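As you go down the protein sequences, you meet chains A and B in turn.
In terms of this note's numbering, the first sequence opens at residue 5 and continues consecutively.
In terms of this note's numbering, the second sequence opens at residue -6 and continues consecutively.
Glycine included, each C-beta is placed from N, C-alpha and C at the ideal position.
Just so it is clear, the structure is predicted and the values come from calculations on it, not from any experiment.
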Amino acid sequence: EAGVAQSPRYKIIEKRQSVAFWCNPISGHATLYWYQQILGQGPKLLIQFQNNGVVDDSQLPKDRFSAERLKGVDSTLKIQPAKLEDSAVYLCASSWPPQGQGGDGYTFGSGTRLTVV
Amino acid sequence: SQQGEEDPQALSIQEGENATMNCSYKTSINNLQWYRQNSGRGLVHLILIRSNEREKHSGRLRVTLDTSKKSSSLLITASRAADTASYFCATRNYNQGGKLIFGQGTELSVKP
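Okay, here's the thing in structure tokens:
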């Protein structure tokens, strides 16, 4: 079974520029998550999708961050414009079965390391 | 918001010693999971314990869960230098969206 794919692995941008990250979840996983992990901290959930609908985006800074999951498969996370404090690792994860129906199978990708200078 | 608090924030031990990390959380859960993360690398799932379980073992790992105190501990026995990493607990509640909520982590250093 292929894992959760993320790209790029690394990205360096200047502040006020825009950047986009891509995630391809495990085939058949209905739920997709984006996390932000700042150095020295635990991962923080930014947004959760169920198929192509948003379940939870309460911690997404919507003035600069946006995310979409077209057709309920791949997802992109965008930052525009980036700030220095956005430097972090952005992790994508997917899970099945749909929420609330037991089981687990939460799988993380390797992440994208963003450096804003 | 973070669900858990982990204690200690940093732990330094000698090879062969045991390492114990603690995690406290705030809301009800269906399961609690422990992950390891080497510096600059991805998250590695270590072990999952369900809310109706009190103790679980996997190799040199032992996890306990006390739902009345909303706390868990991870014990690594006979530690090795290769165990040097950050360790995170994460909780999951299927009635709250099923997302994993992480603590801030314990940084473990095992000296040869």
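- One thing to note: A:Gln41 has its Cβ no nearer than 8 Å to the Cβ of A:Pro85.
- A distance below 7 Å between beta-carbons, with the five flanking residues on each side excluded, links B:Lys62 to no residue of its chain.
- Straight through space, the alpha carbons of A:Glu89 and B:Thr57 are spaced by roughly 36 Å.
- Secondary-structure assignment with DSSP links B:Asn86 through no beta bridge to anything.
- Within the same chain, Arg73, Leu74, Lys75, Gly76 come within 7 Å of A:Asn56 by CB-CB distance, once the 5 residues on both sides are set aside.
- Using a Cβ-Cβ cut-off of 8 Å, B:Asn24 counts as an interface residue toward chain A, since at least one Cβ of chain A sits closer than that to its own.
- Not a single C-beta of chain A is nearer than 8 Å to the C-beta of B:Gln7.
- About 5 Å separates the CB atoms of B:Ser17 and B:Glu(-2); that is less than 8 Å, so the two are in contact.
- In the pairwise beta carbon analysis, the stretch 29 to 48 of chain A is classified as touching the stretch 91 to 99 of chain A: at least three pairs are separated by under 8 Å.
- In this structure A:Gly113 is in contact with A:Gln10, their Cβ atoms being roughly 4 Å apart against a cut-off of 8 Å.
- Under the criterion of beta carbons closer than 8 Å, B:Tyr80 and B:Trp27 qualify as touching, at roughly 6 Å.
- For B:Val103, same chain residues with a beta-carbon under 7 Å away, outside a window of 5 residues either side, are Ile6, Glu8, Ser72, Arg73, Ala74, Asp76, Thr77 in chain order.
- At a Cβ-Cβ threshold of 8 Å, A:Val8 and A:Pro29 count as neighbours.
- Counting along the chain, no beta strand (DSSP E) covers A:His33, and no H or E run does either.
- The C-beta separation of B:Asn23 from B:Arg43 comes to about 7 Å, placing the pair in contact by the 8 Å criterion.
- Not a single CB atom of chain B sits nearer than 8 Å to the CB of A:Pro65.
- DSSP places B:Glu8 outside both helix and strand once states are collapsed to three, so it counts as coil.
- When CB distances to chain B are screened at a threshold of 8 Å, the residues of the stretch 46 to 61 of chain A falling below it are Gly46, Pro47, Lys48, Leu49, Gln52, Val59, Asp60, in chain order.
- The DSSP-derived three-state label of B:Asp76 is helix.
- The C-beta of B:Glu48 has fewer than 16 other C-beta atoms within 10 Å across all chains shown, which makes the residue exposed.
- Contact between A:Ser79 and A:Phe53 holds, since their C-beta atoms are separated by about 7 Å, short of 8 Å.
- Under the 8 Å criterion on CB atoms, B:Leu41 is classed as interfacial with respect to chain A.
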